[in-house]
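S.K.: Under our numbering, residues 68 to 590 are what the sequence shown spells out, in order. Here it is, the structure, as structure tokens.
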Amino acid sequence: MQSPWHSALLRTLIYVVFGVVWIVYSDRFLENLVDDVQTLTQLQTYKGWSYVGITAVLLFFLLYQGLRKERALSARDELTQLLNRHMFRQELESEIDFAREHHQSIALVTFNIDEFRRINHACGHQAADRLLLKTADALRDHFATEPTIVARLGPDEFAVALLNIRNAEIAVTKAREFQHIFQNLELENYQFELSIAVGIAMFPTDAEEVKDLVACSTLAQEEAKNLGHGQLRLYDHFFGESIHSRLRLTTDLRHAIERDELSVVYQPQFSAHNLKLTGVEALLRWQHPQHGFIRPDTFISLAEQQGFIREVTDYVFAKSIRELTELELLGTSIPRLSINVSALDFADDDCIELFYRRLENLHDWSLLQLELTETAVINNFEDTLRTLKMLREANVNLSIDDFGTGYSSLSILRRLPIHEVKIDRSFIRDLQVDDDDRTIVRTILAMAHSLNLRVVGEGVEQIEQLLFLQEHGCHDAQGYLLAKPMSAQELAKFLQQEPAALDEIRSQLRAKSSPKIVAVKNT
Numbered sequence: 068m069q070s071p072w073h074s075a076l077l078r079t080l081i082y083v084v085f086g087v088v089w090i091v092y093s094d095r096f097l098e099n100l101v102d103d104v105q106t107l108t109q110l111q112t113y114k115g116w117s118y119v120g121i122t123a124v125l126l127f128f129l130l131y132q133g134l135r136k137e138r139a140l141s142a143r144d145e146l147t148q149l150l151n152r153h154m155f156r157q158e159l160e161s162e163i164d165f166a167r168e169h170h171q172s173i174a175l176v177t178f179n180i181d182e183f184r185r186i187n188h189a190c191g192h193q194a195a196d197r198l199l200l201k202t203a204d205a206l207r208d209h210f211a212t213e214p215t216i217v218a219r220l221g222p223d224e225f226a227v228a229l230l231n232i233r234n235a236e237i238a239v240t241k242a243r244e245f246q247h248i249f250q251n252l253e254l255e256n257y258q259f260e261l262s263i264a265v266g267i268a269m270f271p272t273d274a275e276e277v278k279d280l281v282a283c284s285t286l287a288q289e290e291a292k293n294l295g296h297g298q299l300r301l302y303d304h305f306f307g308e309s310i311h312s313r314l315r316l317t318t319d320l321r322h323a324i325e326r327d328e329l330s331v332v333y334q335p336q337f338s339a340h341n342l343k344l345t346g347v348e349a350l351l352r353w354q355h356p357q358h359g360f361i362r363p364d365t366f367i368s369l370a371e372q373q374g375f376i377r378e379v380t381d382y383v384f385a386k387s388i389r390e391l392t393e394l395e396l397l398g399t400s401i402p403r404l405s406i407n408v409s410a411l412d413f414a415d416d417d418c419i420e421l422f423y424r425r426l427e428n429l430h431d432w433s434l435l436q437l438e439l440t441e442t443a444v445i446n447n448f449e450d451t452l453r454t455l456k457m458l459r460e461a462n463v464n465l466s467i468d469d470f471g472t473g474y475s476s477l478s479i480l481r482r483l484p485i486h487e488v489k490i491d492r493s494f495i496r497d498l499q500v501d502d503d504d505r506t507i508v509r510t511i512l513a514m515a516h517s518l519n520l521r522v523v524g525e526g527v528e529q530i531e532q533l534l535f536l537q538e539h540g541c542h543d544a545q546g547y548l549l550a551k552p553m554s555a556q557e558l559a560k561f562l563q564q565e566p567a568a569l570d571e572i573r574s575q576l577r578a579k580s581s582p583k584i585v586a587v588k589n590t
């Protein structure tokens with residue numbers, strides 16, 4: 068884009084050149100044409116007026132061209148050349164007036180790139196800008212056959228107004244098609260799982276004014292993001308109430324952390340071979356004074372969205388280490404404490420120092436194991452890998468949680484300094500009846516064995532599930548069949564007097580053939 072200084076200089080030079088040419092050549096022309104001094108003087112006057120008129124026309128066209136270009140640029144996003152938010156609203160308002168007069172419908176579809184801040188942080192601004200350009204090009208191409216208005220509303224937000232559309236289902240179909248296109252965009256050499264959230268609102272069904280229609284579509288988009296990555300929601304009038312409810316819940320969660328009103332429970336993990344305790348997993352619980360039990364996936368997701376997941380993770384570290392240390396369980400009866408960490412715990416440059424501070428009160432860092440999901444690793448692979456290596460060098464154990472639900476490959480697993488993977492409970496649940504789940508579990512076990520990794524099966528609720536895991540060389544098991552999550556005090560009693568149910572399970576296991584035990588990494 069030409070700078071204002073260069074633009075002004077160019078117009079000035081055009082004016083100067085024209086003026087010099089006019090003065091020099093017009094005088095010579097008149098002197099050669101007329102000899103009479105009086106006539107020459109009169110013609111010089113006419114020439115002066117002609118100069119004023121011609122330069123006025125010249126200045127008009129120069130200013131007109133500049134203003135038209137400025138208007139065009141001010142209406143466009145500088146990077147993508149899509150309409151900007153201001154111009155989009157103006158054009159949408161005109162189309163709404165037309166649609167109202169002709170009894171037509173308009174679908175406003177807003178798109179928001181999931182995890183764009185992390186992409187920007189991990190890959191750099193240039194790579195993020197190229198992703199935005201690819202997104203803009205894909206939007207233009209995908210909606211080229213429809214009467215539309217396409218715009219970039221914010222750093223990671225785009226909008227498409229589908230004009231004269233028959234119903235919302237058409238908008239949903241087009242939006243889902245674009246989600247699939249976006250997932251297949253390439254982010255150069257970075258291993259990010261791309262996804263985009265979509266919100267849809269309809270004129271005149273949901274709103275009749277531009278401001279309200281944009282607000283409805285944005286609410287639907289926020290609801291989609293709350294459901295997870297790559298989701299789509301049509302606007303519903305209950306969404307506004309839902310937003311206010313989440314804001315109140317966010318405030319309550321912050322207060323609960325400050326007042327130490329959350330609790331940590333511990334679910335034991337056992338050797339799948341002899342059912343000896345191998346560790347416990349710390350799980351956060353929230354009993355709200357008005358709303359009762361709040362599901363962990365609800366308030367953890369809320370903390371991630373509102374930007375205070377660090378405080379939640381800090382809370383779990385501090386409380387679990389303090390409770391188990393005060394009861395003299397950690398390092399004696401309990402050989403390992405597992406704590407879940409969020410992908411956002413690895414998002415900032417100072418995350419390693421933050422982990423070190425969390426571990427200050429733990430005398431032996433090898434007693435701790437961090438559990439993170441495949442998605443947390445893959446979405447910011449190189450930065451996360453560096454942090455994991457430093458943690459491993461500090462003797463912190465590392466585990467991949469919910470394994471099998473993400474997209475990690477064998478080549479990625481080889482690079483990770485982990486010593487354990489946990490098979491997601493969704494594959495354990497139907498082991499007795501689902502051939503596909505059995506195949507998946509066997510494959511995960513074989514892959515982990517080839518890398519000398521320990522394997523934990525989580526969500527074990529039936530003896531048949533445990534027998535299958537044992538038979539195929541799974542090292543540890545965790546689930547309600549063996550022990551439910553319990554408070555620190557209940558855990559101390561559990562360890563003092565082991566339930567008779569475990570002996571009964573051992574008897575059933577001994578009745579089967581001897582399981583295959585696989586060597587694992589020394590930790």
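Note that CB positions come from ideal geometry on N, CA and C, so glycine has one too.
(1) Bridge partners of Y333, per DSSP?
(2) Taking the straight line between their C-alpha atoms, what separation do you get for I511 and F165?
(3) Let me confirm a value: K241 is counted as buried when at least 16 other C-beta atoms fall within 10 Å, else exposed. Which label applies?
(4) Which of helix, strand or coil does DSSP assign to D497?
(5) Grab me the residues of S574's own chain with a C-beta within less than 8 Å of its C-beta, minus the 5 sequence neighbours each way, in chain order.
(6) Please list the terminal residues of the continuous beta strand (DSSP E) segment that includes T215.
(7) Below 8 Å between beta carbons: does that hold for H209 and E244?
(8) Going by other Cβ atoms of all chains shown within 10 Å of its Cβ, with 16 needed for buried, is T318 buried or exposed?
(9) Under 8 Å, do L404 and L394 count as touching if we go by C-beta distance?
(10) Mapping DSSP to helix, strand and coil, what is D294?
(11) What residue range does the beta strand (DSSP E) around I406 cover?
(12) With which residues is H355 paired in a DSSP beta bridge?
(13) Counting only runs that start and end within the segment 122–192, where is the beta strand (DSSP E) found for 3 or more residues in a row?
(14) Nearest by alpha-carbon distance to F259: which of D543, A174, A550, N187 is it?
(15) DSSP on Q529, reduced to helix/strand/coil?
(16) Suppose you measure from the CA of D415 to the CA of D181; what does that come to, to the nearest Å?
(17) Hey, is the segment 508–522 in contact with the segment 562–571, meaning 3+ C-beta pairs nearer than 8 Å?
(18) Please state whether DSSP places G471 in a helix, a strand or coil.
(19) Tell whether a beta-carbon distance below 8 Å holds between S330 and S554.
(20) Please state whether DSSP places T79 in a helix, a strand or coil.
(21) Got a sec? Which residues, its chain only, sit under 8 Å from N428 by beta carbon, not counting five neighbours each side?
(22) Where do the N-terminal and C-terminal ends of the alpha helix (DSSP H) with T392 fall, by residue?
(23) Answer yes or no: do D543 and A339 have a C-beta to C-beta separation smaller than 8 Å?
(24) Taking the straight line between their C-alpha atoms, what separation do you get for A203 and L220?
(25) In terms of residues, what are the limits of the alpha helix (DSSP H) holding A238?
(26) Measure from the alpha carbon of T112 to the alpha carbon of each residue in L125, S93, L126, A123, then state which is nearest.
(27) In the DSSP assignment, find the beta strand (DSSP E) that holds Q436 and state where it starts and stops.
(28) Residues in its own chain within less than 8 Å of L294 by CB, not counting five upstream and five downstream?
(29) Quick one: is the Cβ of P335 within less than 7 Å of any heavy atom of the ligand GTP?
(30) Does the structure place the segment 264–279 close enough to the segment 170–184 that three or more beta carbon pairs sit under 8 Å?
(31) With H, G and I counted as helix, E and B as strand and the rest as coil, what does DSSP make of E449?
(32) Output needed for D144: all residues of its chain with C-beta closer than 6 Å, excluding positions within five of it in sequence on either side, in chain order.
(33) Closer than 7 Å by C-beta to A139: which residues in its own chain qualify, once you throw out the five before and the five after it? Chain order, please.
(34) So is L533 buried or exposed if we call it buried at 16+ other beta carbons inside 10 Å?
(35) Determine the closest residue to L369 out of L411, Q563, L159, with distance taken between C-alpha atoms.
M.R.: Let's see:
(1) A349, M553
(2) 58 Å
(3) buried
(4) Coil, per DSSP.
(5) none
(6) 215–221
(7) yes
(8) exposed
(9) no
(10) The question names Asp, yet the displayed sequence has Leu at residue 294. Residue state for L294 is assigned as helix, using DSSP reduced to three classes.
(11) 404–407
(12) G359.
(13) 173–180
(14) N187
(15) coil
(16) 17 Å
(17) no
(18) coil
(19) yes
(20) helix
(21) A385, I388, R389, T392
(22) Judged by DSSP secondary structure, T392 falls within the alpha helix (DSSP H) whose first and last residues are 376–393.
(23) yes
(24) Near 12 Å, if we compare the C-alpha coordinates of L220 and A203.
(25) 235–250
(26) A check of alpha carbon separations from T112 across L125, S93, L126, A123 identifies S93 as the nearest.
(27) 435–440
(28) R300
(29) Among the components modelled here there is no ligand, and therefore nothing to report on the ligand GTP.
(30) Yes: at least three Cβ pairs fall under 8 Å.
(31) helix
(32) N151, R219
(33) Residue placement at A139 cannot be trusted, given a pLDDT of 45 that sits under 50; what the coordinates show is reported in the next sentence. So the list is empty, once near-sequence residues are dropped.
(34) buried
(35) L411
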